[in-house]
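Note that this note's numbering has the sequence shown beginning at 33, numbered continuously upward.
Glycine included, every Cβ here is placed at the ideal spot set by N, Cα and C.
Just so you know, these numbers come straight off a predicted model, no measurement behind them.
Inspection log for the structure reproduced underneath, given as structure tokens.
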Amino acid sequence: MNIINIALNEFKRNIRDIRTLVFMLAFPIVLMLILGTALSSTFDTSIKIGKINVLYTEKNNSNFSVPFQNFIKEAKKHDIHFSEAANGTNGQRAVQQNKYDAYVIVTDKGIQFFGSERNSIQASMVEGMLNAFTDKYNLITEVAKEKPEQVQAVLASTSSDYVKETSLNADKAPGSMDYYAMAMTTMIALYSAISASSLIRGERRRNTAIRLAIAPINKIEIFLGKILGGIGINFVCILLVMAFSRFAFGANWGSHPGMVVLILFTLVFLAVSFGLGLSYIIKTDQGMQTIVMIVLQLAAFFGGAYFRIDNADGFLKLMMNLSPLTWARDALTKIIYNNDLMAALPAISLNIGIAIVFLLIAIVAFRKREGL
């Protein structure tokens, strides 16, 4: 019962601390809004090709002429514009000078294509459309030779849509606000170490440690109560930030909230254990606060809290993998967007394992002290 009372007292004391609540609630929400809005373009997975310009020349009134003009009209719907070359125009040179993305010569024997090396994507799109057009034309020509009455049926069954946009794993990646909802929530969970570093040391600063030490309460009950209270208040803040991001910003937290919450809880447990353990390792308040802030800022930076880091290797990749934010966010992403519940195990194991190490350090140091 004493443990519960001490935990509740710690919970109430932190609720009365307006600065702590503002930092744990307002700070991540405001940062989430600013970064999620300002960096939304970096999460746009669609590719904007823009207008494609093609120069063409028709020679000898080829049999392609009428169907090719129909093809040009269809291509214009997809922002691909064909311009007929004037007499004496060197089409290949015009492409080399980057005036056009491709040059096409239409003759009785077929189509010759010259694509731009600078704009290879645009040229490839035009080449693919021309291949589809010629395949369709050849099919209809052969049918007309053997069974003219079937030409209309073939025309009806073949599509005139030469461009189709498809994507693999569509909508299986977080958008800007989704990413920063995860990033800010995990970051503020890690920032629980700041308040945790003062769980016991704060009692000594307020000169209440002596009264607690002489009270008819076991030292280990005080220790456990303080830890439970610290975890409780910080975890409630995390849940509030998570809920606000869901209902105010529309962030996607997936269909497995239990597993998501469990990962965040173990991250808070890690942060509280780290802060408490560090408060016993480092003797001075100033030195402890400095080291805590340095570690947290490095973990936030390399963990992608402020901006997404893609295709990292070498030293940068090593630092990213050392950040709890990296493995927590990776696990959350897999659970939310791929329904991969097994991805939670490595993150939860790491969080609990590291937390136990720092908790043991704190327990050993706590038992050696005469007071708190």
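Residue ranges of uninterrupted alpha helix (DSSP H) with 4 or more members, entirely inside the region 112-137 and ordered along the chain, are 123-128. Inter-residue distance for A337 and L354 is about 14 Å (C-alpha atoms, whole angstroms). Per the Cβ contact rule, the region 357-374 is not in contact with the region 276-283 (fewer than 3 Cβ pairs under 8 Å).
Bridge partners of I143 according to DSSP: V138.
Rounded to whole angstroms, the separation of the alpha carbons of M352 and L53 is 29 Å. In terms of CA proximity to T316, R233 leads the group R233, F390, A375. Judged by their CB atoms, I393 and I313 are nearer to each other than the 8 Å cut-off. In the three-state scheme derived from DSSP, where H, G and I count as helix and E and B as strand, I220 is classed as helix.
About 12 Å separates the beta carbons of G262 and A221, which is beyond the 8 Å limit, so they are not a contact pair. Sequence-distant partners of G335 (beyond 5 residues in either direction) whose C-beta falls short of 6 Å from its own C-beta, in its chain, are S355, L357, T358. In the DSSP assignment, I84 forms a beta bridge with I112.
D210 counts as buried, since no fewer than 16 other beta carbons sit within 10 angstroms of its beta carbon. Around the beta carbon of L350, fewer than 16 other beta carbons sit within 10 angstroms, so the residue counts as exposed. Shortest Cα-Cα distance from H110 to any of G68, I61, M157, A126 involves M157. Contact check for A376 against M320 fails: the beta carbons are separated by 8 Å or more. The three-state secondary structure of E253, taken from DSSP, is helix. Here E42 carries a helix assignment [DSSP, helix/strand/coil]. For A213 against A283, the beta-carbon gap comes to about 3 Å, under 8 Å, which counts as contact.
For Y312, the uninterrupted alpha helix (DSSP H) run begins and ends at 289-313, by DSSP.
When beta bridges are read from the DSSP output, E106 appears opposite no residue. Excluding its 5 nearest sequence neighbours in each direction, G307 has C-beta neighbours in its own chain below 6 Å: A225, A228, S229, listed in chain order. In the three-state scheme derived from DSSP, where H, G and I count as helix and E and B as strand, E149 is classed as coil.
Of the candidates I252, A70, P99, L364, P99 places its Cα closest to the Cα of T139. Judged by their CB atoms, F146 and A134 are nearer to each other than the 8 Å cut-off. Listed as beta-bridge partners of E159 by DSSP are no residues whatsoever. Residue pairing by DSSP places T89 opposite I137 in a beta bridge.
Within its own chain, the residues whose Cβ lies closer than 6 Å to the Cβ of N383, once the five positions on either side in sequence are excluded, are T298, L299, L302, listed in chain order. Under the criterion of beta carbons closer than 8 Å, G309 and E42 do not qualify as touching, at roughly 18 Å.
If you look at P378, you'll find it in the alpha helix (DSSP H) that goes 376-400. In this structure, L57 sits near C269, with a CB-CB distance shorter than 8 Å.
For N266, the CB contacts under 6 Å within the same chain, skipping 5 residues up- and downstream, are S224, V300 in chain order. At the C-beta level, A397 and L260 stay beyond 8 Å of one another. Non-local C-beta neighbours of L373 in its own chain, meaning closer than 8 Å and more than five positions away in sequence, comprise H288, M291, I367, ordered along the chain.
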